[in-house]
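Scroll down for the structure; my scribbles are underneath it.
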Amino acid sequence: MTTRSEDSLIFYALTPGNYQPGEMRTVYDSLKAFCDKKKEIDQSDRFNIVIYQDDGPNYLEDFTLNPENILIALESLEPMIVRANMSGGIMVSATFIIDVFKNIPNKCFRMIILTDNGTLEIPEVYIPVLDNLIDKIKDMPLIIDIIRIKVNNHDDDMKLSELITKTRGHLHHVQDLNDLLPLLNDLAEKKTFSSFSLSDDTFSEEIPIENFPFYNNLAVDPKLVIDKHTCSICFKKGTNAIVQCPNCDTTSHKICWALWAKTSNIGVFNIFRCHTCFQLLKLDEDFVYMVHTGQLKAIEEIKVEVMDLKEFEETLEALDGPKIISVEDPLAMFDDDLDGDDTTITHDDDE
Ligand SMILES: [Zn+2]
Ligand SMILES: [Zn+2]
2 MTTRSEDSLI FYALTPGNYQ PGEMRTVYDS LKAFCDKKKE IDQSDRFNIV
52 IYQDDGPNYL EDFTLNPENI LIALESLEPM IVRANMSGGI MVSATFIIDV
102 FKNIPNKCFR MIILTDNGTL EIPEVYIPVL DNLIDKIKDM PLIIDIIRIK
152 VNNHDDDMKL SELITKTRGH LHHVQDLNDL LPLLNDLAEK KTFSSFSLSD
202 DTFSEEIPIE NFPFYNNLAV DPKLVIDKHT CSICFKKGTN AIVQCPNCDT
252 TSHKICWALW AKTSNIGVFN IFRCHTCFQL LKLDEDFVYM VHTGQLKAIE
302 EIKVEVMDLK EFEETLEALD GPKIISVEDP LAMFDDDLDG DDTTITHDDD
352 E
């Protein structure tokens, strides 16, 4: 059993208009306790939050090491929060996590969805869309938990439960807001993966072959460079092809990176991370296969120092605090409820 540094994304699908001001305070305090506990367990854990405004889902441009940023965003944006669309919010959150996965190593991603009876539930038509998405990302180190606050809707619970079970997450019910804190306290514990094997610093994950194309799409090809460059893995010049990471310009022999992929792939044998910037890179499958099976003789020694994760994260942290990004809802529901310009949410009796 092994654990990882965690990046938690809270999809805040609560509708503040449904609560008394004191109740919101309980929610914030519970979220703060969640973040504080996670920071206590692991300083390299990071946080983000997705909330719905009139213009669609909003979130911080990147995960932040500082949970204060989450609470500031939440409290300052609260008056503008409108009913969240569960489908679109899950889609946006998953897309965001996939994007971060492309250039951050050895993470477990957590998605925690807080919902109440103001949340627009997933309509039948979007179930296959989300199901398909989750089938692709379920092999990623991603766990989705859903917290239903004062919601009792067996049919919707069943739908949600089926979706998130694939990610090893659970559906939780909270009837009394005071129960939120102990629940989040439990969820703040690190998740373990029994299916990942740990040897030294490298994880070997099992990704089924049918999902290889998904990861191939996330990774980029290193660029072939013509000039003489020193290889950053074996420190030799040599006659073998030299390629370059398009993100940070690190150059390596193609064959050295193929060998590096043997111990550092992400669960798909030809996909690995640049040892300098952690960008997901891929090399031609046949070539990598031949290197791994010894048919192509690689340079014998790999001398690479990979940056400490927390140090790396600090380089990503915006000095003046993260900006809030607004995106269009990819699964917008053309519902009159979403058109209103007032932010006071009334209970919807029709659903
Ligand atoms: Zn080399
Ligand atoms: Zn790079």
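With positions in the sequence shown counted from 1, the corresponding number in the numbering used here is that position plus 1. Virtual Cβ for every residue (Gly too), placed ideally from N, Cα, C.
Spatial distance of residue 99 from residue 35 (CA atoms)
Rounded to whole angstroms, residue 99 to residue 35 spans 23 Å at the Cα level.
Query - beta-carbon residue 36 near ligand 1 non-hydrogen atom, thresh 6 Å - result: With a cut-off of 6 Å, the C-beta of residue 36 is classified as distant from ligand 1, since no heavy atom of the ligand falls inside that distance.
| query | Going by the CB atoms, is the gap between residue 109 and residue 388 shorter than 7 Å? | reply | This structure cannot speak to residue 388, because the chain is shown only from 2 to 352.
Compute every distance between the C-beta of residue 280 and the non-hydrogen atoms of ligand 2, then say whether any falls below 6 Å. Under cutoff, so the answer is yes.
Open item on the list: Applying the 10 Å Cβ sphere with the 16-neighbour rule, what's the burial state of residue 265?
Closed with: Buried, because 16 or more other Cβ atoms sit within 10 Å of the Cβ of residue 265.
For residue 232, count neighbouring C-beta atoms within 10 Å of its own C-beta (all shown protein chains included) and say buried if the count is 16 or more, exposed if not.
-> Classification of residue 232: buried, given that the 10 Å Cβ count is 16 or more.
Is it buried or exposed, residue 271, if we count other Cβ atoms within 10 angstroms and call 16 or more buried? By the neighbour-count rule (16 or more Cβ atoms within 10 Å), residue 271 is buried.
How close, in whole Å, do the beta carbons of residue 141 and residue 97 come, if the pair is a contact with beta carbons under 8 Å?
-> With a Cβ gap of about 13 Å, residue 141 and residue 97 do not count as contacting.
For residue 47, does the count of other Cβ atoms within 10 angstroms reach 16, so buried, or fall short, so exposed? By the neighbour-count rule (16 or more Cβ atoms within 10 Å), residue 47 is buried.
Can you tell me whether residue 196 is buried or exposed, with buried defined as 16 or more other CB within 10 angstroms of its CB? Only weak support is given to the placement of residue 196: the predicted model assigns it a pLDDT of 48, under 50, and the question is left unresolved by the model.
- request: Could you tell me which uninterrupted beta strand (DSSP E) segments, each at least 3 residues in length, are contained entirely in the region 62-134, listed from first to last along the chain?
  value: Runs of the beta strand (DSSP E) spanning 3 or more residues and lying entirely within the region 62-134 occur at 108-116, in chain order.
If you check the beta carbons only, do residue 82 and residue 117 fall under 7 Å apart? No, Cβ-Cβ distance for residue 82 and residue 117 is not below 7 Å.
Between the Cα of residue 66 and the Cα atoms of 327, 314 and 325, which residue gives the shortest distance? Per the Cα distances, 314.
_Would residue 329 and residue 57 be called neighbours here (beta carbons separated by less than 7 Å)?_
Yes; because the gap between Cβ atoms is below 7 Å, this pair is in contact.
Check: Taking C-alpha atoms, which residue in 238, 40, 221 and 269 lies nearest to residue 248?
Finding: Shortest Cα-Cα distance from residue 248 to any of 238, 40, 221 and 269 involves 221.
From what residue to what residue does the alpha helix (DSSP H) around residue 171 run? Here residue 171 belongs to no alpha helix (DSSP H), and DSSP marks it neither H nor E.
**Asked** Is residue 146 closer than 7 Å to residue 171 when the C-beta atoms are compared?
**Response** Their beta carbons are under 7 Å apart, which means residue 171 touches residue 146 by this criterion.
#### Entry: Candidates 44, 307 and 327, of which the one nearest residue 74 by Cα
Among 44, 307 and 327, the Cα nearest to that of residue 74 belongs to 327.
Next item on the list: Could you check if residue 250 is buried or exposed, using at least 16 other CB atoms within 10 Å of its CB as the buried criterion?
Entry: Burial call: exposed.
_Quick check: what's the CA-CA separation for residue 286 versus residue 213?_
Cα to Cα, the separation comes out at about 11 Å.
Worksheet item: Any heavy atom of ligand 1 within a distance shorter than 6 Å of the CB on residue 246?
Response: The answer is no for residue 246.
Considering Cα atoms alone, identify which of 237, 189 and 323 is closest to residue 31.
Closest by alpha carbon: 189.
Note to self: Quick check: the Cα distance between residue 236 and residue 306, rounded to an integer number of angstroms?
What the structure shows: Near 12 Å, if we compare the C-alpha coordinates of residue 306 and residue 236.
**Asked** Counting along the chain, where does the alpha helix (DSSP H) carrying residue 264 start and finish?
**Response** Judged by DSSP secondary structure, residue 264 falls within the alpha helix (DSSP H) whose first and last residues are 255-265.
Can you find the residues in the same chain that come closer than 6 Å, C-beta to C-beta, to residue 15, ignoring five residues on each side of it along the sequence? Residues of the same chain with a CB within less than 6 Å of the CB of residue 15, apart from the 5 flanking positions on each side, are 115 and 117 in chain order.
Inset, instruction - Please classify residue 57: does DSSP put it in a helix, a strand, or coil? - result: Strand at residue 57.
request  = Note down the Cα distance separating residue 12 from residue 218, rounded to an integer number of angstroms.
outcome  = If I take the Cα positions, the gap works out to 26 Å.
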